[in-house]
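In our numbering, the protein residues as written are 3 to 120.
Glycine is no exception: its CB is placed at the ideal position from the N, C-alpha and C atoms.
Working notes, structure below.
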C-alpha cells in the first residue's frame, strides 16, 4: 500500500466496530508498521466509533512513536454527530498523547457534525 500511494497520505480504515480489542491493536500495529500515515477507526457504515476505539487507536499511535520513533496519525470517525461527541473524542486522544492541534496527528471525520456546529 505504501509503495502504491507514493508521497500521498495513506489512511488505513480498521472498522473497529467489527473487531475486539486484541484485533484492533494488532491491525493498527500492522498498518502503522507497513507505512500507513493514519489509522482510522471506521467508515460508520458498520457501526459507530466508541470511546474505547478512540482510546485504543490513540494508544497504539503513541506506542508506535515510542517503539519505532515514527509519529502516526489517528482519524476518529463514525457516529460523531454532536459538538460534545467531537470534544469527547479529542479529549480521549489528548489523554493518550496525541496532539489534537496538528492535522498530521489527529483528525475527526464527521460529515454530520457540521449541522450541529452551524
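By the 10 Å Cβ neighbour count, where 16 or more other Cβ atoms means buried, how is residue i classified, buried or exposed?
i           : result
residue 120 : exposed
residue 36  : exposed
residue 81  : buried
residue 76  : buried
When you compare the CB positions of residue i and residue j, do they come within less than 8 Å of one another, or not?
i           : j          : result
residue 28  : residue 14 : no
residue 38  : residue 74 : yes
residue 100 : residue 79 : no
residue 94  : residue 60 : yes
residue 102 : residue 92 : yes
Quick check on this structure: which residue in the options has the alpha carbon closest to the alpha carbon of residue i?
i           : options              : result
residue 184 : 101, 73 and 83       : Within the shown structure, residues of the chain are numbered from 3 to 120, placing residue 184 beyond reach of any answer.
residue 98  : 108, 105, 41 and 57  : 57
residue 31  : 66, 72 and 96        : 66
residue 49  : 18, 7, 113 and 103   : 18
residue 62  : 12, 7 and 107        : 107
residue 87  : 105, 104, 118 and 71 : 118
residue 112 : 20, 54 and 89        : 89
residue 55  : 71, 5, 23 and 96     : 23
Can you round the beta-carbon distance between residue i and residue j to whole angstroms, since I take them to be within the 8 Å contact cut?
i          : j          : result
residue 52 : residue 16 : Residue 52 to residue 16, Cβ: 12 Å. No contact.
Legend entry - Start-end ranges of the beta strand (DSSP E) lying completely within the region 20-53, minimum 3 residues: 40-42
Legend entry - Whole runs of the alpha helix (DSSP H) within the region 68-112, excluding any shorter than 4 residues: 85-97
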